[in-house]
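There are 2 protein chains.
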Amino acid sequence: MSDSPPGAPRSLPAALPMPDLRDSFPGPFPISPHADAIERHADDWLTTYPLIGSPGARAALCNITSQGIARTLPTADIGSLFLCADLFLWLTAFDDTCGETAGADDLAELVRRSGEFIELLAGHHDERSAVEPSVFGASLRDLLARFEERATPTQYLRITAHLRDNFFGILWEAHHLHAPDQVTVRDYRAMRPHTVFVRTVMAAAEVALGYELTPQQRSSTAVREVESAVGNLAGWINDVASYAKEAAHGGPGPLSLPTLLMHQYDCDIESAFRRAARMCEEEAVILRSRLTELTAGSAGELADHAGALESIAASYVWHIGHSRYRP
Amino acid sequence: MSDSPPGAPRSLPAALPMPDLRDSFPGPFPISPHADAIERHADDWLTTYPLIGSPGARAALCNITSQGIARTLPTADIGSLFLCADLFLWLTAFDDTCGETAGADDLAELVRRSGEFIELLAGHHDERSAVEPSVFGASLRDLLARFEERATPTQYLRITAHLRDNFFGILWEAHHLHAPDQVTVRDYRAMRPHTVFVRTVMAAAEVALGYELTPQQRSSTAVREVESAVGNLAGWINDVASYAKEAAHGGPGPLSLPTLLMHQYDCDIESAFRRAARMCEEEAVILRSRLTELTAGSAGELADHAGALESIAASYVWHIGHSRYRP
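Chains as they are written, first to last, in numbering that gives the first Met the number 0: chain A, 0 to 326; chain B, 0 to 326.
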C-alpha cells in the first residue's frame, strides 16, 4: 500500500482533497455568545481534573471543544454548555491518552481502566469505598452527577448507554489499530459513530435543550435516518480532518476511512481521499434532504430534535479546518 | 501456587468445603409449575437458534436453565418464563462458546463478535442490510424484540444497559483469564455481578413480574444494599460451584474467587475454599437481614422487588448442586 517502511512516517501529498460541504451546509453557523466563557470554564475544569499533561494539547482541546460546543448548542443555557463541553473534553482526553495507541499497546490495562467507568455508569460503585478513584473516574463521577441532576431518568439511561457504547468503541478501535486490514468498511461504518461520540452528543443535546422524543418518534424512520446520516457524516468528516495528523505518528496507517478505502479499492491515498470526500459530500446531501423532510410541518419535540441535529452536523462540518488537526 | 506443571489438570482434594447456606436460605424454594414446559421450550428455541453444538452440553444447559428460571420467577406467566429462560440460555451459551477460553485466545475476534450485539442493543442496525446476522445476532434480535414488546421504555433501556455490562464483563474476563494474578479481589468483586449476569436477571424480573421501581426507590440505600448482596452472593456461589469443573480444563486456574484468595493469602486451595465458603455464608446472612428489613412494612413495587430478589437469590443457592458443575 505504501512505499514507506512500516513504522516510518509516510509522506503525504501536500494537499489531500477535502470534502466541499458548502452546498448542503453553507454556513455561517449560529454560535452561542458564551464561547469564550466555555473555554475559560473548560480550562478551569481541567485544572480541577488534570486529564491532559501537555499544556499545548490542553489549550488546543479547550479551544476546539468550546468553539465546537458553542456551535453544537447555540441556544443552550450556559450551565448546559459547560456540562456538554466537559463531557466532550473528558471523552476526547480519555481517547487520546488511554485509548488509541496507548490502548492498543496494553489492551488489558485499557479494559481495567474502563472497568472503573462501567461501575460508575451502572451506579454500583460503593461511595464509602476506601479506594481512591482515578482522575478520570473522579471527573466522570462529577459529569454523571451533573447530568443526573438535569436529565429525566430516561434521558440519563440513554446517555449512560451511549457512554458504554463509546467505551466499547474505544476498545474495538484499540483491538484493531495495528491491523486495519482486518476491518471491513461495513464493520467500520457500524462502529464509527461510537468512536466519534456523536450519539452521546445527540443524547446530551436533549438534556441541554430540555426536550425528549416519545418512543414512537424516536423509532420512526424519519428520525432514524437523520440520526444515521449525522452519525456517518460526523465520523467521516473527523477521519478526513484528522488523517494527516494521525498518519504523522507512523505505523500501519490510521484506522480511518481513507485507510480502509485504500485497502478495499487497492488505490493510493489521494484516490482514497477523493472517495472519502465524495462519501462525505453525498452523505451531506442525504442529510440535508432528510432534515428538510423532518423539519417540514413538524412541531414540538420533533422540531427541537431536527434543530439539534442540524446544529450537531454543523459543528462537525465546521471543525474540518481546526488547527488541532494540522500534523 | 500449585505443584502441577502449568497447563496440566491439577488434582483437587476429593471434597472441597462448600458453603452451608441453610440457615439463611433454608428452602425448599418455591418453583413454577411450568418447569418442564420451560425445558421443552428451551430445547425448541435452541433448535431454531443452534447456539450450542454438543448435545450433552445443550441438554444440561436446558435442564439447569429451566429449573433455575422456574425458581427465579416462581409466579411469572409462562411467556415471561420462556423469555427469561431464553435470555439466560443465550448469555450462558455465548459465554461458554465465545467468551472464556475461546475469547481469551482471540480477543480481537471476541470484540468483533460483540460489535454485532452492541449495534442491536443500540438499535442502530440496518434492518435492510444484506449482511446475514450470525446465529447469536439473530437470536439476540429475537430476544430484544420480545423484551421490547413487554417492557416499558425505561425497563428496556435498563435491560439493554445491563446486557452491555455483561459484554464488557465477558471481555474483561477474557483479557484476564490467562493472568489471574493481575486481578485484585476488589476489581474482581466489582466485575463479578456482570460476568454472572445477575443484574440482568434482576432487570428482566421487573419485566416478567410487571412492576417498576420509582427512581427514588431504586437509588435508596435499602434497595442498593439488597441488590449488592444478591450480586455478590450470585457470583461467589457460582465460583465455588463451578471451580472443580473449570479447574479440570488446566491452565493457570479459573479466574474465580478461590483462585484469587489463594493468591491474596498465599494459601492452598482447601484453605481458599474455606474462606470463599465463609464469604458466601456471611453474605447470605447480610442478605437475609437486608431482605427482612426491606420486606417489613413495604408494599407495592418495593414488596414486589423484595420478593423478586429473594427468589433470584434462592435460585443461585439452589444451583450449587447441579450436575452441570460436576467436572
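Every residue gets a Cβ at the ideal spot worked out from N, C-alpha and C, and that includes glycine.
With a Cβ-Cβ cutoff of 9 Å, do residue i and residue j count as a contact?
| i | j | result |
| --- | --- | --- |
| serine 138/B | tryptophan 89/B | yes |
| leucine 286/A | leucine 232/A | yes |
| phenylalanine 146/B | isoleucine 158/B | yes |
| valine 197/B | isoleucine 311/B | yes |
| valine 229/A | phenylalanine 87/A | no |
| threonine 291/B | glycine 306/B | no |
| proline 16/A | alanine 276/A | yes |
| valine 206/A | arginine 289/A | no |
| tyrosine 330/B | histidine 304/B | Residue 330/B is absent from the structure shown; chain B starts at 0 and stops at 326. |
| alanine 271/B | methionine 261/B | yes |
| leucine 106/B | alanine 204/B | no |
| alanine 160/B | arginine 163/A | yes |
| leucine 208/A | serine 113/A | no |
| alanine 92/A | leucine 143/A | no |
| glycine 136/B | threonine 194/B | no |
| serine 23/A | glutamate 269/A | no |
| isoleucine 37/A | isoleucine 77/A | yes |
| isoleucine 236/B | valine 316/B | yes |
| histidine 33/A | aspartate 85/A | no |
| serine 314/B | glycine 67/B | yes |
| glycine 102/B | alanine 173/B | yes |
| alanine 189/B | histidine 123/A | yes |
| serine 133/A | arginine 70/A | no |
| isoleucine 169/A | aspartate 267/A | no |
| arginine 111/B | valine 130/A | no |
| arginine 140/A | leucine 109/A | no |
| alanine 283/B | leucine 20/B | yes |
| threonine 329/A | glycine 52/A | Since the first residue of chain A shown is 0 and the last is 326, residue 329/A is not available in this structure. |
| serine 65/A | aspartate 43/A | no |
| proline 152/A | threonine 153/B | yes |
Along the chain, where does the alpha helix (DSSP H) that runs through residue i open and close?
| i | result |
| --- | --- |
| arginine 21/A | Taken as a continuous stretch (DSSP letters only), arginine 21/A belongs to no alpha helix (DSSP H), as it is neither H nor E. |
| glycine 230/B | 220-246 |
| proline 152/B | 152-175 |
| proline 214/A | 214-217 |
| alanine 204/B | 197-208 |
| glutamine 263/B | 256-264 |
| valine 193/B | Here residue 193/B is histidine; the residue named in the question, valine, does not match the sequence. Note, histidine 193/B: alpha helix (DSSP H), 184-194. |
| histidine 304/A | 299-317 |
| aspartate 141/B | 134-149 |
| glycine 98/B | Per DSSP, glycine 98/B belongs to no alpha helix (DSSP H) and is neither H nor E. |
| glycine 114/A | 106-121 |
| alanine 14/A | First-last for alanine 14/A: undefined, no H or E at that position. |
| glutamate 292/A | 268-294 |
Quick one, which residues of the region 258-275 of chain B are near chain A if we go by CB-CB under 9 Å, in chain order? none
Segments assigned alpha helix (DSSP H), at least 4 residues, entirely inside the region 21-65 of chain B: 34-47
Residues in the region 203-225 of chain B with C-beta within 7 Å of chain A's C-beta atoms, listed in sequence order? Pro214
Tell me which residues of the region 147-175 of chain B have at least one Cβ-Cβ distance to chain A shorter than 7 Å, keeping chain order. Pro152, Thr153, Leu156, Arg157, Thr159, Ala160, Arg163, Asp164, Phe167, Leu170, Trp171, His174, His175
If contact means a Cβ-Cβ distance below 8 Å, which residues of the region 93-119 of chain B contact chain A? Leu106, Ala107, Val110, Arg111, Ser113, Gly114, Ile117, Glu118
Please name the residues in the region 176-187 of chain B whose beta-carbon is closer than 9 Å to at least one beta-carbon of chain A, in chain order. Ala178, Gln181, Val182, Arg185, Asp186
Using a Cβ-Cβ cut-off of less than 8 Å, give me the residues of the region 127-143 of chain B that come near chain A, in sequence order. Val130
Listed from N- to C-terminal order along the chain, which residues in the region 190-202 of chain B have their beta-carbon within a distance smaller than 9 Å of any beta-carbon of chain A? Met190, Pro192, His193, Arg198
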